[in-house]
Amino acid sequence: MRHKGHAVVVGGGIGGLAVAGALDRSGWRVTLLERQPTIGAAGAGLLLAANAVHALRALGLGGRVARIGTPVASVGFRRPDGSWLSRIDPARVAARLGAPTLAVARPALHALLLDALGPTVDVRTGTEVRVLPDADLVVGADGIGSAIRGLLAPRSLLLDTGHVAWRALVPAGRAPTGATFGETLGAGLRFGCAPLGPDGVYWYATAPGPARSTPPAAQLRELADRFAGWHAPVGDLIAATDPADLLHHPLAGIRVVPPMAVGSVALVGDAAHPMTPNLGQGACLALEDAVTLAALLGTDDVAPALARYDRERRPRAARIVRRSRSAGRFLQAGSPLGTRLRDLALTATPARFAESGAVALAGWTPPTLPEGKVLP
C-alpha cells in the first residue's frame with residue numbers, strides 16, 4: 071500500500087490507539103509517541119454507549135469488544151436506602167440505536183486497541199512531546215493535560231468542579247455478590263457500580279472537596295465513613311478494595327472546547343474536550359473522534375479534511391461538555407433543598423423521556439465513505 075504521508079499520534083490512550091490503528095489501516099505511516107515508559111491502561115472500568123460500540127464496529131473491532139463487554143442490564147438512580155428514584159430499560163435504548171451499552175474493564179479495552187495496531191506502527195514510549203512534531207499530520211491524543219492542546223490553544227482553561235472522584239476495580243474473587251448497574255445519590259455524594267463479569271466489579275464515588283493527599287488506605291476509610299449505612303453492596307465494595315487499586319482525581323472539564331484542528335494538527339478525546347464523567351461519554355467521544363478523523367482523511371487532503379473534522383466534531387463535543395457539567399451540578403446537589411428537588415425531579419421524569427435523552431446523547435453513527443464503507 072502506498073503511504074499517504076507520515077502521521078504522528080501523541081498519546082497512547084484509548085483515542086490515540088484507536089486513531090493510530092485506523093490511520094495505519096488507511097495507508098498512513100504512523101508513529102505513536104507515549105510519555106509513559108510502557109503503554110498501559112491506568113483505569114478501572116467504563117461504559118461504552120451505543121455510539122462507542124458503533125465506532126468500534128467501524129474499526130473492525132465490534133466482535134472483539136462484544137466478547138470483553140458485559141451488556142448493561144439496567145440504568146437508574148437510587149436513594150441511599152436502595153429505593154429507586156428512576157430507571158430506564160437499556161434494551162429499549164439499544165433497539166432504537168442499533169447497539170447495546172457495554173460495561174468493560176478499561177485495561178481490557180486498552181489491550182484490545184493496542185493489539186489491533188498494525189506491525190508497522192512505530193511505537194515509542196518514554197517520549198515527552200514539548201514542541202509540535204514534524205510530520206504531514208499530527209494528532210494530539212495526550213489527555214486532559216494535553217501538551218498539544220496547550221500549543222494550539224494556550225488560552226483554553228480547565229474548570230475545577232469542586233468535587234473529586236475515586237475509582238476501583240474489585241477482582242471477581244474478592245467482589246461481593248449482588249452488585250447491579252446503577253448510581254446512588256446522597257447529599258453531595260454519589261456511588262455507582264457496574265458488574266464486569268469475570269473481570270469483577272467496577273465502582274466509583276464522588277464527593278465535594280479538594281484532592282486528598284492522604285494514603286489510599288486512609289482514603290478508603292474516609293469513604294467507608296462517608297457511605298456508612300448506604301444500601302448493599304456499597305460498603306462491601308469499598309471494604310473489598312485493595313488500596314493499591316484505588317484511583318483518585320479531581321473532577322474537571324474544559325470551560326470552552328477549542329478548535330479541534332488547526333492546519334495539519336488535530337485533537338481527539340480528552341486532549342480536545344476533557345469533560346466531567348457525569349454522562350459516561352469521555353471514551354465514547356474519543357472513539358467517535360478517531361473514526362471520524364480517519365474517515366475524513368480517507369476522502370480528502372489533510373487541510374480540508376481537518377477543517378471538516380473541526381466543523382463536524384466541535385459542536386457535538388461542546389454540547390456534551392456543557393450537558394455533562396450541568397448534569398454534575400444537578401446530581402451532586404448538596405443542600406437539603408437541592409437534594410429534595412433533585413430527587414423529586416428524577417421521580418417525576420417519565421422513563422420514556424429519560425430514554426429519549428439517552429438516545430439523543432448516544433445517537434451517533436460513523437460517517438460513510440463514498441464507496442459505502444466506513445474504514446478499510
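Per our numbering, the sequence shown starts with residue 71, numbered consecutively.
Beta carbons are placed, not taken as given, at the ideal position from N, Cα and C, and that holds for glycine.
Would residue i be called buried (16 or more neighbouring beta carbons within 10 Å of its own) or exposed?
i: glycine 442; result: Interpretation of glycine 442 is limited by its pLDDT of 47, a score under 50 that renders its predicted location unreliable; no figure is taken from the coordinates.
i: arginine 422; result: exposed
i: glycine 352; result: buried
i: alanine 125; result: buried
i: glycine 210; result: buried
i: glycine 333; result: exposed
i: methionine 71; result: In this predicted model, methionine 71 has a pLDDT of only 45, less than 50, meaning its place in the structure is not dependable enough to derive any value.
i: aspartate 359; result: buried
i: histidine 319; result: exposed
i: serine 283; result: exposed
i: threonine 171; result: buried
i: leucine 227; result: exposed
i: valine 201; result: exposed
i: arginine 127; result: buried
i: leucine 431; result: buried
i: aspartate 269; result: buried
i: aspartate 185; result: exposed
i: glutamate 253; result: buried
i: leucine 414; result: exposed
i: aspartate 94; result: buried
i: proline 385; result: exposed
i: proline 160; result: buried
i: serine 396; result: exposed
Measuring only the C-alpha atoms, how far is residue i from residue j?
i: proline 241; j: valine 145; result: 22 Å
i: glycine 91; j: isoleucine 84; result: 11 Å
i: isoleucine 109; j: threonine 195; result: 7 Å
i: lysine 74; j: glycine 168; result: 33 Å
i: aspartate 230; j: aspartate 340; result: 15 Å
i: proline 141; j: aspartate 204; result: 43 Å
i: alanine 448; j: aspartate 306; result: Outside the modelled stretch of the chain, which goes from 71 to 446, sits residue 448, for which no answer is possible.
i: arginine 137; j: arginine 225; result: 42 Å
i: tryptophan 273; j: leucine 117; result: 12 Å
i: tryptophan 434; j: leucine 357; result: 11 Å
i: glycine 398; j: asparagine 348; result: 6 Å
i: serine 96; j: glycine 139; result: 27 Å
i: phenylalanine 400; j: aspartate 206; result: 44 Å
i: glycine 132; j: alanine 275; result: 30 Å
i: arginine 176; j: valine 163; result: 23 Å
i: arginine 148; j: arginine 383; result: 34 Å
i: glycine 262; j: alanine 373; result: 43 Å
Kindly indicate which residue of the options has the alpha-carbon position closest to the one of residue i.
i: threonine 36; options: Leu337, Pro344, Val135; result: The first residue shown for the chain is 71 and the last is 446, placing residue 36 beyond what the model contains.
i: glycine 188; options: Leu129, Ala294, Met345; result: Leu129
i: leucine 239; options: Gly267, Thr197, Ser283; result: Gly267
i: glutamine 289; options: Gly299, Ala277, Trp300; result: Ala277
i: proline 437; options: Ala375, Thr417, Leu416, Arg392; result: Ala375
i: leucine 321; options: Val163, Ala235, Leu118; result: Ala235
i: proline 107; options: Gly82, Ala119, Val201, Ala114; result: Gly82
i: threonine 247; options: Arg157, Leu202, Leu228, Ala310; result: Ala310
i: proline 32; options: Gly433, Arg325, Asp312, Ala249; result: No statement about residue 32 is possible, as the shown extent of the chain runs from 71 to 446 and does not include it.
i: arginine 381; options: Leu416, Leu316, Pro329; result: Pro329
i: leucine 222; options: Leu182, Val327, Thr419; result: Val327
i: valine 80; options: Val191, Ala430, Trp300; result: Val191
i: alanine 114; options: Pro265, Arg127, Val163, Val199; result: Pro265
i: isoleucine 174; options: Tyr379, Ser426, Phe251, Asp315; result: In the sequence as presented, isoleucine is not what sits at residue 174; that position holds valine. The residue with the shortest Cα to Cα distance from valine 174 is Phe251.
i: threonine 417; options: Ala377, Ile158, Ile324, Ser394; result: Ile158
i: glycine 220; options: Ala331, Ala164, Asp315; result: Ala331
i: threonine 197; options: Ala120, Pro160, Arg105; result: Arg105
i: arginine 378; options: Val335, Asp94, Gly132, Val135; result: Val335
i: proline 313; options: Trp300, Pro285, Ala245; result: Pro285
i: valine 208; options: Pro420, Ala181, His76; result: His76
Taking 7 Å as the cut-off, is the beta-carbon of residue i closer than that to any non-hydrogen atom of the ligand MG?
i: aspartate 230; result: The ligand MG is absent from the structure shown, which contains no ligands of any kind.
Touch test, the stretch 406-425 against the stretch 369-382, Cβ-Cβ under 8 Å, three pairs minimum: With a cut-off of 8 Å, the stretch 369-382 and the stretch 406-425 do not count as touching, because too few Cβ pairs lie within range.
Contact the stretch 90-103 vs the stretch 139-157: 3+ CB pairs below 8 Å: no
Contact the stretch 393-404 vs the stretch 257-266: 3+ CB pairs below 8 Å: yes
At least three beta-carbon pairs within less than 8 Å, the stretch 341-353 to the stretch 212-232: yes
Inside the stretch 291-351 only - beta strand (DSSP E) runs reaching at least 3 residues: 317-324, 335-337
Alpha helix (DSSP H) segments (min. 4 residues) lying fully within the stretch 141-190: 160-167, 176-185
Continuous beta strand (DSSP E) assignments of at least 3 residues falling wholly in the stretch 213-265: 228-240, 252-255, 260-265
4-residue-minimum alpha helix (DSSP H) runs that sit fully inside the stretch 84-145, ordered along the chain: 84-95, 120-128, 132-138
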